[in-house]
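Visitor: One structure is given below, represented as structure tokens, and several questions about it will come after.
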Amino acid sequence: MATALTIKTALNYGIGVLSLSSESPKVDTEVLLCEVLQCNRSKLIIDPEQSLSDSQITRFLAFIEQRKLGHPVSYIIGHQDFWTLSLEVNESTLIPRPETELLVELAVSLPVPANSHCLDLGTGTGAIALAIASEKSDWQVLGCDRVADAVALAQRNKRRNNITNVAFIESHWFNQLPEQKFDVIVTNPPYVESNSDYLNRGDLRFEPQSALVAGGDGLDDIRQIIAMASDYLNPQGWLLIEHGFEQSKSIQSLLVAQGFNKVTTKLDYAGHDRVTMAQFGVA
Ligand code: GLN
27 MATALTIKTA LNYGIGVLSL SSESPKVDTE VLLCEVLQCN RSKLIIDPEQ SLSDSQITRF
87 LAFIEQRKLG HPVSYIIGHQ DFWTLSLEVN ESTLIPRPET ELLVELAVSL PVPANSHCLD
147 LGTGTGAIAL AIASEKSDWQ VLGCDRVADA VALAQRNKRR NNITNVAFIE SHWFNQLPEQ
207 KFDVIVTNPP YVESNSDYLN RGDLRFEPQS ALVAGGDGLD DIRQIIAMAS DYLNPQGWLL
267 IEHGFEQSKS IQSLLVAQGF NKVTTKLDYA GHDRVTMAQF GVA
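Start counting the sequence shown at 27; every next residue gets the next number (our numbering).
Structure below.
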């Protein structure tokens, strides 16, 4: 039977429990409590003495327990903000990362014609495709993923955010795509090295390996994408790839070898090489 708990004591309890297992016990507890109370963080500061109901206490304690076991906060609450959107997330795919907003920013700033067609390879939650479609109402965006549950999730996120100029289909990279050319292809593919220690840390332990790992050097999927992309690009179309911070040189060489020009790598907000972009077919 749950005992009486106020916002203040709930916060103290959560922070205490999570301080041993999480690097961000305070923020985690606040986000979990806000989800239970359906409020924003200022409420926690303004009303510290407000009591939780029995059902809120039960749910809060269950959330803290899951977080203590390492489950990512976004999977526990079932949603994550990205760009200007609120996205449903689940274990079928990666939780959208803030650094991926760079890919969106670059895509929507490209010098491409009005009414462009854009493809998002490995769309997952649909984050990138939906963010681009929300900024570019005259574009048609297609997102694909090899995982059927991810495609269904992206479709729910489309409805959740009332975005109409986007479609999602099941396809392993280009393999099941309709015969169509695009002006822009974007992708945040798996790019972590299979033996990377990073995979055993924090939230990554709970995310699908298929969305993270791409062979010994992390480039298996990127190689496939670069090899096939030009068949799906209009002349002067652009390819934008998110990648690991030490992969830019290899990716630049692969792009040059496939006839891409204007090969440029951009840094994320942490100062890491994060996105390499290139234009097809013009010197
Ligand atoms: N950017 C992700 C991370 O650092 C890796 C995701 C990916 O492989 N696309 O956790």
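Ideal Cβ placement from N, Cα and C applies to all residues, glycine included.
It should be emphasised that the depicted structure is a prediction, and the values quoted were computed from it without experimental measurement.
Should residue 266 and residue 156 be called a contact, given that it needs their Cβ atoms to be closer than 8 Å?
Guide: Locating residue 266 in the sequence shown gives position 240, where the first residue counts as 1. Locating residue 156 in the sequence shown gives position 130, where the first residue counts as 1. Taking 8 Å as the Cβ cut-off, residue 266 and residue 156 do not qualify as a contacting pair.
Visitor: What does the alpha-carbon distance come out to for the pair residue 233 and residue 101?
Guide: The count along the sequence shown starts at 1 and reaches residue 233 at position 207. The count along the sequence shown starts at 1 and reaches residue 101 at position 75. Looking at the two C-alpha atoms, the distance is approximately 9 Å.
Visitor: Please list the terminal residues of the continuous beta strand (DSSP E) segment that includes residue 300.
Guide: To locate residue 300, count along the sequence shown from 1; it is residue 274. Counting along the chain, the beta strand (DSSP E) containing residue 300 begins and ends at 299 to 306.
Visitor: Please report the distance separating the alpha-carbon of residue 115 from that of residue 105.
Guide: Within the sequence shown, numbered from 1, the residue matching residue 115 stands at position 89. Within the sequence shown, numbered from 1, the residue matching residue 105 stands at position 79. Answer to the nearest angstrom: the Cα atoms are 5 Å apart.
Visitor: Compute the Euclidean distance between the alpha carbons of residue 139 and residue 83, then round it to the nearest angstrom.
Guide: By one-based count along the sequence shown, residue 139 stands at place 113. By one-based count along the sequence shown, residue 83 stands at place 57. Using only the alpha carbons, I get a separation of about 54 Å.
Visitor: Taking one C-beta from the stretch 174 to 194 and one from the stretch 208 to 218 each time, how about it: are there three or more such pairs within less than 8 Å?
Guide: No, the stretch 174 to 194 is not in contact with the stretch 208 to 218.
Visitor: Between residue 161 and the ligand GLN, is the CB less than 7 Å from at least one heavy atom?
Guide: Reading the sequence shown from its first residue, position 135 is the one you call residue 161. Not under cutoff, so the answer is no.
Visitor: Reducing DSSP to helix, strand and coil, say where residue 75 ends up.
Guide: Looking up residue 75 in the sequence shown gives position 49. It is coil, neither helix nor strand.
Visitor: Since residue 293 sits in a beta bridge, which residues does DSSP pair it with?
Guide: Counting from one through the sequence shown, the residue named residue 293 turns up at place 267. Answer is 299, bridged to residue 293.
Visitor: Within the same chain, show all residues whose beta-carbon is closer than 6 Å to that of residue 120, passing over the 5 residues directly before and after it, in chain order.
Guide: Position 94 of the sequence shown holds residue 120. Answer for residue 120: 150, 233, 237, listed in chain order.
Visitor: Among 270, 300, 274, 304, which has the Cα closest to the Cα of residue 284?
Guide: As a working mapping, residue 284 is identified with position 258 in the sequence shown. Considering only alpha carbons, the answer is 304.
Visitor: If you count every other CB in all the chains shown that lies within 10 Å of the CB of residue 171, and 16 or more means buried, which is it?
Guide: Counted from its first residue, the sequence shown places residue 171 at position 145. Result: buried.
Visitor: Using 8 Å as the threshold, is the stretch 157 to 164 in touch with the stretch 187 to 201, meaning 3 or more CB pairs across them?
Guide: Judged by Cβ distances under 8 Å, the stretch 157 to 164 makes contact with the stretch 187 to 201, as three or more pairs qualify.
Visitor: Just to confirm the assignment: which complete alpha helix (DSSP H) runs, minimum length 4, are found wholly within the stretch 136 to 213?
Guide: For the stretch 136 to 213, whole alpha helix (DSSP H) runs of length 4 or above, ordered along the chain, are 153 to 161, 174 to 186.
Visitor: If we call anything under 8 Å between Cβ atoms a contact, is residue 166 one with residue 199?
Guide: Sequence index remark: in the sequence shown, residue 166 carries index 140 (1-based). Sequence index remark: in the sequence shown, residue 199 carries index 173 (1-based). For residue 166 and residue 199, no; Cβs fall outside 8 Å.
Visitor: Here's the rule: buried if 16 or more other CB atoms are within 10 angstroms of the residue's CB, otherwise exposed. What is residue 187?
Guide: Working through the sequence shown from its first residue, we reach residue 187 at position 161. When all chains shown are included, residue 187 counts as buried.
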